[in-house]
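Step one of this worksheet: look at the structure below.
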Ligand SMILES: *[C@@H]1O[C@H](CO)[C@@H](O)[C@H](O)[C@H]1NC(C)=O
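Numbering (mature numbering (1 follows the signal peptide of the UniProt record, and there is no 0)), first residue to last: -20 to -1, 1 to 209.
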């Protein structure tokens, strides 16, 4: 059996400290995982891991490190949002807006550490946005080639299933059908059946802000990676 590592990006609003104990650790979230063991078919609940946050008054420069893993997943989320907003604009018939949303996302992504590091996911996302942009040059092209492409990109990246652990996806995945097949395959091998809606009652491991909220990247965030299995 092939082992795969799941990655969850969790965006958290960190409350402002009101009391003076700023050096205290702050409990942020508890994370655990419910899943069905694919071999025994039994439900498993992992132990909860408490994520704590240091709240020092001053932050040392060496502590102001950006996690490349978080950065690359934030890029993915931004690309998904851009594709979603771009599609919405194109559906309204506003192609210039749809195009500028994709261009803007590429520009912002160009200035991230994962892009500087030539990270595979970042360059793939950039290629994907570029490809999407080339498919919305006019309304008829959008209807025939752009719409499906944007939809597939949005669903795969919001579901965070288009890639695992930096593997990236090959350029063949730019064809909508291939991408969908790949996503289906990975979903079948790793995730519980899609009709399992019980997770919605549990604390969510990944939380997406509304698509129109573009401020999330300015908020503090915490990243939580489950232990590699
Ligand atoms: C839309 O753009 C494509 C690609 O550039 C072109 O082949 C096609 O003729 C254009 N269609 C219209 C209606 O302008």
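All C-beta atoms, glycine included, are put in the ideal place defined by N, C-alpha and C. Remember, predicted model here, so these are calculated numbers, not experimental data.
Can you tell me whether residue 121 sits near ligand 1, meaning its C-beta is under 7 Å from at least one heavy atom of the ligand? Taking non-hydrogen atoms of ligand 1 into account, the C-beta of residue 121 is found less than 7 Å away from one of them.
Could you name the residues that DSSP lists as bridge partners for residue 34? According to DSSP, which records beta bridges pairwise, residue 34 is partnered with 5.
8 Å CB neighbourhood of residue 94 in its chain, flanking five on each side removed: By the criterion of a C-beta distance shorter than 8 Å, residue 94 is surrounded in its chain by 48, 51, 52, 55, 101 and 102, once the five residues flanking it on both sides are discounted.
With a 10 Å radius around its C-beta and 16 neighbouring C-beta atoms as the bar for buried, classify residue -15 as buried or exposed. buried
Residue 119 versus residue 80 - alpha carbon distance: 15 Å
Report the rounded CA-to-CA distance for residue 86 versus residue 68, giving the unit in angstroms. Cα-Cα distance, rounded: 18 Å.
Alpha carbon to alpha carbon, how far is residue 17 from residue 117? Give it in angstroms, no decimals. Rounded to whole angstroms, residue 117 to residue 17 spans 47 Å at the Cα level.
Expected contact under 8 Å - CB spacing of residue 57 and residue -12 to nearest Å: 6 Å
Segment contact flag, the segment 70 to 84 with the segment 22 to 35, C-beta cutoff 8 Å, min 3 pairs: no
Return the CA-CA distance between residue 82 and residue 59, expressed in angstroms with no decimal places. 8 Å
Indicate, with yes or no, if ligand 1 has a heavy atom lying under 7 Å from the CB of residue 118. At least one heavy atom of ligand 1 falls within 7 Å of the beta-carbon of residue 118.
With residue 20 as the anchor, note down where its alpha helix (DSSP H) starts and where it stops. Careful: residue 20 lies outside any alpha helix (DSSP H) and carries neither H nor E.
At what residues does the beta strand (DSSP E) containing residue -12 begin and finish? Residue range -13 to -11 is occupied by the beta strand (DSSP E) that includes residue -12.
If you compare alpha carbons, which of -10, -9 and 6 is closest to residue -3? The residue with the shortest Cα to Cα distance from residue -3 is 6.
Of the listed residues 19, 123, 63 and -5, nearest to residue 36 (C-alpha basis): The shortest Cα separation from residue 36 among 19, 123, 63 and -5 belongs to -5.
Sort out for me which residues DSSP pairs residue 14 with in a bridge. Answer by DSSP bridge pairing, in chain order: 25.
Cβ separation of residue 63 and residue 133, assumed to be a contact under 8 Å, to the nearest whole Å: 5 Å
Can you tell me where the alpha helix (DSSP H) holding residue 51 begins and where it ends? From DSSP, the alpha helix (DSSP H) with residue 51 extends over 48 to 71.
The alpha helix (DSSP H) with residue 127 in it runs from where to where? 127 to 138
Around the Cβ of residue 24, are there at least 16 other Cβ atoms within 10 angstroms (buried) or fewer (exposed)? exposed
CA nearest to the CA of residue 89, picked from 124, 110 and 130: 110
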